[in-house]
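Peer 1:
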Amino acid sequence: MEGREYHRLLERQLKKFLPGYPAVSVEMQELLRAISNSYEHFDNDRVVMETAMRESSDELMAKKSALNALLDRQSQVLESLREAATSLFPDQASIVNEDLLRLADIVQEEIQKRHIAEARKEQSDQRLMDIIESLDLGMARYNLQGKLTHIEPRFAQLFGKSPGDMLGLSSSDFQRATVVSEEMKSASDFEFSATHRVFEAPLIGASDELWLLCTTAPLQDDSGEPNGGVIVVFDITQRKKLEREMREARKAAEAGLELRKSILANVSHELHTPVNAIVGMSALLSATALSEQQREYLKTMRFSSDSLLVLIDDLLDVSRIESGKVELEFIEFDVRDNFSQLTKGLSLRAEEKGLKFSWEIDTRVANRLRGDVHRLNQVLTNLISNAIKFTEAGNVQLAIGCVMSTENTQRVRFEVKDTGIGIAANRQAAIFQEFTQEDSSTTRKFGGTGLGLAISKKIVELMGGRLELISEKNSGSSFFFELDLELGSDQEQPVPVFNPDLHGARILLVEDNKVNQFLAKALLTSWKARVDISEDGADAVERVKTGDYDLVLMDLQMPVMDGFEATAVIRNELKSSIPIIGLSANALNDERERSLQIGMDDYVSKPFKPELLYGIIQSYLRKG
Ligand code: ADP
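Per our numbering, the sequence shown starts with residue 952, numbered consecutively.
Following this line, the structure appears as structure tokens:
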């Protein structure tokens, strides 16, 4: 300690308060030294303390400014939250910080939820992709320019490529397969469109022909702007191939069916002529003198040939109806007279079986109606015959009612009812099909072919009605239908008197079939015409040359020279305008047109109604 003995504060106090200082005793000096040391220690401690204090205050300052910055940020966040909240809830005048803090909590919660949802979405996206893969669906995405931006492996695999190879391809880069013409109807162009579409496209795939069932849908980005689309495809090649095979098989089956039909039509047509001749001949035979036994034989023969003719007519009818060759006639008829004639024969048959037959007609049904009365009678005869056939006891009724009338038409209801064996519910639809009977015992017990109802149903439909059935097994049946028929004129039409007379007419009959020759000649001579016969067309040409005839009846199918050829020669080479009337038993082919084209004047199909043939011959003779 320089210049002074003790601590400077002790020195100052000694000088002020101790008289005689610095002269002090030795003991006193010892005491003062100890006091001065304490002062020194105190000084040192203070310096240490002051340094420590200064350091902690610096630290505090730094913490404080960090805290301030945090507070600043928080208040900024709060402020922007307040702004957002005010714009969201403009009605809320004062949004206090507490609310905002709560809001912040909520926002944080929402953010957390969103993270969870996003994670879930990713999971479910993956699951969806797994499903798409397991369903064997191929998927790809494309941008607004229609270029592929994302390709799932299955999509690429269909084309034998890897997804990387396909990036940037557009739909026109895919090759279209050439398909058979029937499939063209369902085929579409492969297209990455930004609209929703479902279509089938034929392409060339990994293993040649590839049919894809495609679905496209537009896609949007997060802000809802369209950004392209997605296409999901399913390989339907196998299905398409199967369809094609089935179509071909069906075509083959249909061709077979057509063939069957045409065989049926041709066979029945071929059978028709001879059976018709048997029927005609037995009619002529029955008019001759016969022994009792011969008459009995003839009766059986007539019965059998009549049934055969009915069957053949039915078969021909089926063929005609199926090929659309049945044309309805519109004839005015006397309603009550027609049905009383129709039922006469049938009621006899019913009575023979011990059944009661009755028919009734609503008084409102007009006396005269127009329609195809022959076809109507055919249907009713068939229904009534069936009713008699399938009824062992009880009665059969025909009821004709008027459903409604307009100024020009009447809707008439026809019903045939019996108390017979009835038809099981599960067979009711089937019996309207060709060659179908209720069960296999029917033929054994009742005979029949199963054609009648099929024909009747089709005829009724042709006439604009529907043949229906109500029946129960063992409780009888009721077949019924309604037809719109035109009203006829009120006045009774005079029945034309048929009084044929061809006296003086010279007719050349060109016909190769002996039976037909016989029948036609018998008819014509009974009308007092003079008839010569040519066996073929060539002979007919020679005879026409003689100029001895007023009219030619020309069969179409003949050996040597057929009717068409003969007519052509007569018209073109002989330059003769003699009336030629074609005769044909061909019920199916459109021969009428061909006959007229080649130069015939008219055409009559066999078997012909005498009145019709007479009328035609008369009209040409008169012209001549
Ligand atoms: P077919 O009488 O020649 O057998 P149909 O086509 O006229 O042919 O009739 C077909 C089948 O319908 C008959 O075999 C019979 O089983 C049934 N059927 C038709 N009419 C009646 C009826 N009135 N009562 C009971 N069954 C009927």
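A virtual CB, placed ideally from N, CA and C, is assigned to each residue, including glycine.
Should D1490 be listed as close to ligand 1, given that the test is whether its C-beta is under 7 angstroms from any heavy atom?
Peer 2: no
Peer 1: Examine ligand 1 and report whether any of its heavy atoms sits within less than 7 angstroms of the Cβ of T1400.
Peer 2: yes
Peer 1: Hey, would you say the C-beta of G1345 is under 7 angstroms away from at least one heavy atom of ligand 1?
Peer 2: no
Peer 1: Suppose contacts are defined by Cβ-Cβ distances below 8 angstroms. Is Q1189 in contact with I1155 by that definition?
Peer 2: no
Peer 1: Here's the rule: buried if 16 or more other CB atoms are within 10 angstroms of the residue's CB, otherwise exposed. What is R1326?
Peer 2: buried
Peer 1: Taking the C-alpha atoms as reference points, what is the distance between T1360 and I1529?
Peer 2: 44 angstroms
Peer 1: According to DSSP, is Q1126 helix, strand or coil?
Peer 2: coil
Peer 1: Would you tell me roughly how many angstroms separate the C-alpha atoms of Y990 and R1005, rounded to the nearest one?
Peer 2: Between the alpha carbons of Y990 and R1005 lies a gap of roughly 23 angstroms.
Peer 1: From the DSSP output, in three-state form, read off D1172 for me.
Peer 2: coil
Peer 1: With H, G and I counted as helix, E and B as strand and the rest as coil, what does DSSP make of E1151?
Peer 2: strand
Peer 1: I'd like the list of long-range same chain contacts for F1430, defined as Cβ closer than 6 angstroms, with 5 residues on each side in sequence excluded.
Peer 2: L1334, V1367, L1420
Peer 1: Kindly list the residues whose CB is nearer than 6 angstroms to the CB of D1553, restricted to its own chain and excluding five residues on each side of it in sequence; keep chain order.
Peer 2: Closer than 6 angstroms at the Cβ level, and outside the excluded window around D1553, lie I1532, I1567.
Peer 1: Can we count Q1361 as close to ligand 1, meaning its CB is less than 7 angstroms from some heavy atom?
Peer 2: no
Peer 1: Report the three-state DSSP secondary structure of E1343 (helix, strand or coil).
Peer 2: coil
Peer 1: What residue from Q980, L1235, R1033 has the CA that sits closest to V1466's CA?
Peer 2: L1235
Peer 1: So, with DSSP's three-state summary, where would you put N1348?
Peer 2: The question names Asn, but residue 1348 in the sequence shown is Gln. In this structure, Q1348 counts as strand in the three-state DSSP scheme.
Peer 1: Ignore the nearest five residues each way along the sequence and tell me which others in V1411's own chain have a CB closer than 8 angstroms to its CB.
Peer 2: V1330, R1417, L1418, F1432, L1434
Peer 1: Who are the Cβ neighbours of T1167 in its own chain at under 6 angstroms, not counting the five residues just before and after it?
Peer 2: S1144, R1148, G1180, I1182
Peer 1: Could you compute how far the alpha carbon of D1009 sits from the alpha carbon of N1019?
Peer 2: 15 angstroms
Peer 1: In its own chain, which residues sit with a C-beta less than 7 angstroms from the C-beta of E1133, not counting the 5 before and 5 after it?
Peer 2: R1198
Peer 1: Excluding the five sequence neighbours on either side, which residues of its own chain have a C-beta within less than 7 angstroms of the C-beta of A1519, listed in chain order?
Peer 2: I1549, G1550
Peer 1: Please report how far the alpha carbon of R1024 lies from the alpha carbon of E1030, in whole angstroms.
Peer 2: Approximately 10 angstroms between the Cα atoms of the pair.
Peer 1: Tell me whether D1369, by its Cβ, gets closer than 7 angstroms to a heavy atom of ligand 1.
Peer 2: yes
Peer 1: Using 8 angstroms for Cβ pairs, my map puts L1099 next to N1178. What's the rounded Cβ distance?
Peer 2: The pair is not a contact, with the Cβ atoms about 14 angstroms apart (cut-off 8 angstroms).
Peer 1: Run through DSSP, which three-state label would F1284 get?
Peer 2: strand
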